[in-house]
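Asker: Here it is, the structure in full.
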Amino acid sequence: MKALGSLTRMAVIADKEWIQIRRDARSLYLSLFIPSLLVLLFGYALVFDVKHVKIGIFDQDGSFLSRQYCERFKHTEYLSVEKYVKNYREIDYLINTGSIIMAIVIPPDFEKKFNSGKFADVQVLVDGSDSMSALIATGYIKAITYEFNRDYLEQALIKKGISFIKQPVEIKNRIWYNSELKSRNFVIPGNLGLILAIISALITSLTISREWERGTMETLITTPVRGYEVVLGKLVPYIFIGVFDVICGLSIGYFVFNVPFRGSFIELCLISVLFLIGTCSIGILISSATRVQVLSVQLAIVVTYLPSFILSDFIFPIKNMPLIIRIITYIVPAKYMIVVLKGIILKGVGYSVLCTQIVFLFIFSVVVLALSIKKFRVTLPDQ
Amino acid sequence: MEHVVEIQRLTKKFGDFTAVDNISLSVEKGEIFGFLGPNGAGKTTTIKMLCGIMMPTSGEGRVSGYDIISEQERIKNVIGYMSQRFSLYEDLTVMENLEFFGSIYGLEGFRLKEGIDRVLDMAGIGERKNELVKRLPGGIKQRLALGGAILHNPPILFLDEPTSGVDPLMRRNFWEIIYRFSEEGRTIFVTTHYMDEAEHCDRIALIIAGEIIALDSPDALKKNFNHVVYSISTDNFLDVFEKIRHLDFIVEAAIFGTDIHIMCEENIPVKKKLSSFFREHGVSSYALNRIMPSLEDVFVGNARRFSR
């Protein structure tokens, strides 16, 4: 009977909370549409593919061979030859203005050296200010040059009568889960985890502080309602909103960006609920602690956004971080959720593979929920 | 007599500030108990401690036999509370608010409907029951807040300045509800800073700066008042008032309509002193009558004695 009364009160609070959310257009839009909008925006904006790298060519030789070599850079989507330059000063200018990020310099005696069997040097000047793109683009040049060398070697050998040659080791790539290596395929699931972590804490961070500010909490705490009933009751509608956001985000990934979905949808939803219990509880915890809306929102953003963005392995690899930071990442729920999202969406794996993540999410959610219930007091503070 | 509310040496400190200072009182079942005092006297803090939403610094208290420190949750089942600041949900309709609070108190089905109908009827807001609370005028909101507090028929009702910002007609209406409640055997603990409202109470406690300076029924307070009050009628009452207000034997002087009321300590020959003063200052026609002190006089007199 007692437990039934408790459940009824939780349901009543959940119902009341839902009516309030529905009537407050601002928080409704924030919670239902902003996540989808962000997935859409980041899906278009956050692209890590290095393609159409702008390069300049300074061909000092102007020979048949050098022209043939240069030709190789034109027929690939990874590079785009912006300009043939005449001197070093021009390279300097183009790199400084950002018109090109790389220049290939062919020395005057390129063909002569090549034909005489000496090493023909080619200089590559790279704008290192964007080190990641620079590194990848240098890789492209190396690969193209390697192919050029191999073809010439082959021809030379054929001329000498050796028709069959075999490379000692040859790499044959086969990339699993994201066969075209499209960055979008990992950006979308990663993003979804990130956005969920932020939004869920943000919308719940208002719920208790608002009642303190408006004075309604003062009436609520004089009723027989218990603290845990308020906290759990308030969580329910936000969990549903979170699941709705997951479904919207996945749909955008699937239909707009053609991100494949290989795993179990139900499983993903269930793990999302687990994750959302934890992240929504962060908001409740903050809200109970501050009792002021403005402060809650600011804290919620700081506490969820930065760790989820930096320490979740989404963009910055955790394995390169110092030990102390690596330890801190264990309390970032987005880290686990992103693994789950990528695992289920791209790899199609299930709970048996993701059990570590599920266990960590479970621990996180239980701990934060317990803290938020403990922090929510049904007595007034001494001010 | 059964004591429904009992407090002993109750004290609440906020840092260095003592909001409630060592107060003791008891309230009987069915009584309308008034807490009279200026703003910041500690009325609200006392009520909050009694409702189990604020921890006392020291002292003890019981509400309906439950300890205000260790049995707060039990207290909440037997009380109704109306806070000073309007605190129902403005973004919910009248009905939604009543349904919410009713359900929180465990009312359901027929009992919930009956309770809501009674409150709607009492507050006279039946036809506005589907409007958002924020669209209602202040007086109606106030009645709704009272309704929310009595929805579950609590045996004890705590009302913290229930009539602040309510027009006189509505205030009378409020007091009718409170009387009806008291007749049903319920206990009402009400704070106010309106003297006329305090007259409605069975007993009142005068509280200043966290201390109870007097506690009795309104009549007994007046009867046992250790000051006498006179009314002076004269033609040029404004001039006379200015002249006499600072006389050393007059504790307090105030204008009531066209009369001057003066309060003096007992055992002082007021008539003699005044007549000689008036003769010196050329006031010839006046009438001096001893009158029954009002509650306000009692309050002011006690406050003076206290501050001395």
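Protein sequence lines correspond, in order, to chains A and B. 4 is the number of the first residue of the first sequence in the numbering used here; add one for each residue after it. 842 is the number of the first residue of the second sequence in the numbering used here; add one for each residue after it. All C-beta atoms in this analysis are idealised placements derived from N, C-alpha and C, irrespective of residue type, glycine included. All values derive from a computational prediction rather than experimental measurement.
#1: When the Cα of alanine 137 of chain A is compared with those of A:Phe51, A:Glu74, A:Asp62, which residue comes out closest?
#2: Using C-beta distances below 6 Å, list every residue in its chain close to isoleucine 802 of chain B, excluding the 5 sequence neighbours before and after it, in chain order.
#3: I believe alanine 303 of chain A touches isoleucine 318 of chain A by the beta-carbon criterion, under 8 Å. Please report the beta-carbon distance rounded to the nearest angstrom.
#4: Check distances from the C-beta atoms of the stretch 294-321 of chain A to those of chain B and list, in chain order, the residues that come in under 7 Å.
#5: Identify the residues that DSSP records as bridge partners of threonine 226 of chain A: which are they?
#6: Expressed to the nearest angstrom, what Euclidean distance is found between the alpha-carbon atoms of proline 1110 of chain B and valine 1069 of chain B?
#7: Within the 9 Å Cβ cut-off, does arginine 26 of chain A reach chain B?
#8: Name the DSSP bridge partner or partners of phenylalanine 61 of chain A?
#9: Here's a check: name, in chain order, each residue in its chain whose Cβ is nearer than 8 Å to the Cβ of proline 384 of chain A, leaving out the five neighbours to either side.
#10: How would you list, in chain order, the residues of chain A whose beta-carbon sits under 7 Å from the beta-carbon of lysine 889 of chain B?
#11: Tell me whether alanine 146 of chain A sits in a helix, a strand or coil according to DSSP, three-state version.
#12: Answer yes or no: does any C-beta atom of chain A fall closer than 9 Å to that of phenylalanine 942 of chain B?
#13: Listing by chain order, which chain A residues have their CB less than 8 Å from the CB of arginine 926 of chain B?
#14: How would you list, in chain order, the residues of chain B whose beta-carbon sits under 8 Å from the beta-carbon of glycine 8 of chain A?
#15: On the premise that aspartate 1001 of chain B lies in contact with glutamine 913 of chain B, defined as a C-beta separation below 8 Å, what is that separation, rounded to the nearest angstrom?
#16: Let me know the alpha helix (DSSP H) ranges lying completely inside the stretch 177-222 of chain A, each 4 residues or longer, listed in chain order.
#17: For a contact defined as C-beta to C-beta under 7 Å, what are the partners of methionine 895 of chain B on chain A?
#18: With a threshold of 16 other CB atoms inside 10 Å of the CB of arginine 25 of chain A, please say whether the residue is buried or exposed.
#19: From this set, B:Glu869, B:Gly875, B:Met1104, which residue's C-alpha is nearest proline 1059 of chain B's C-alpha?
#20: Assign aspartate 1138 of chain B to one of two classes, buried (16 or more other C-beta atoms within 10 Å of its C-beta) or exposed (fewer than that).
#21: Candidates B:Met890, B:Gly871, B:Asn880: which alpha carbon is nearest threonine 852 of chain B's?
#22: Between the C-alpha atoms of threonine 100 of chain A and phenylalanine 363 of chain A, what's the straight-line distance to the nearest angstrom?
#23: Would you give the residue range spanned by the alpha helix (DSSP H) that valine 935 of chain B belongs to?
#24: Which bits of chain A does phenylalanine 874 of chain B rub up against, with CB to CB less than 9 Å?
#25: Is it true that the CB of valine 234 of chain A sits closer than 9 Å to the CB of serine 203 of chain A?
#26: What are the boundary residues of the alpha helix (DSSP H) that glutamine 913 of chain B is part of?
#27: I want to see whether chain E comes within less than 9 Å of arginine 187 of chain A, judged by CB atoms only; does it?
#28: Looking at the strands, I want to know which residues DSSP matches up with methionine 305 of chain A.
#29: Glycine 8 of chain A and glycine 947 of chain B look like a contact to me (Cβ under 8 Å); what is the Cβ gap, rounded to whole Å?
#30: Counting C-beta neighbours from all protein chains within 10 Å, is the total for phenylalanine 1140 of chain B 16 or more, i.e. buried, or is it exposed?
#31: Apart from the five residues just before and just after valine 190 of chain A, which ones in its own chain have a Cβ nearer than 8 Å to its Cβ?
#32: Counting only Cβ pairs nearer than 7 Å, list the residues of chain B close to proline 240 of chain A.
#33: Any C-beta of chain A sitting closer than 9 Å to the C-beta of glycine 989 of chain B?
#34: Please identify the residue among B:Thr898, B:His844, B:Leu977 whose C-alpha is closest to the C-alpha of aspartate 857 of chain B.
#35: With a cut-off of 9 Å, does the C-beta of lysine 917 of chain B fall near any C-beta of chain A?
#36: Return the residue from the list A:Asn188, A:Tyr180, A:Arg153 that minimises the CA-CA distance to proline 171 of chain A.
Answerer: A quick look at the data gives this:
#1: A:Phe51
#2: Residue 802 of chain B cannot be examined here, being either before or after the span of chain B that is shown, 842 to 1149.
#3: That pair is no contact at about 21 Å.
#4: none
#5: Paired residues: none, contrary to the question.
#6: 11 Å
#7: yes
#8: A:Val108
#9: Arg294
#10: Leu383
#11: helix
#12: yes
#13: Gly218, Glu221
#14: Gly947
#15: Not quite, the Cβ-Cβ distance comes to about 17 Å (not below 8 Å), so this is no contact.
#16: 186-217
#17: Thr382, Leu383
#18: exposed
#19: B:Gly875
#20: buried
#21: B:Met890
#22: 48 Å
#23: 935-945
#24: The premise fails here: phenylalanine 874 of chain B is roughly 18 Å from chain A at the closest Cβ pair, so nothing lies under 9 Å.
#25: no
#26: 913-919
#27: No chain E appears in the structure shown, which is made up of the protein chains A and B.
#28: Inspection of the sequence shows that residue 305 of chain A is occupied by valine rather than by methionine. BP columns for valine 305 of chain A are empty, so no partner.
#29: 6 Å
#30: buried
#31: Phe45, Gly46, Leu49, Val50, Phe51
#32: Neighbours of proline 240 of chain A on chain B: none; closest Cβ ~14 Å, over 7 Å.
#33: yes
#34: B:Thr898
#35: yes
#36: A:Arg153
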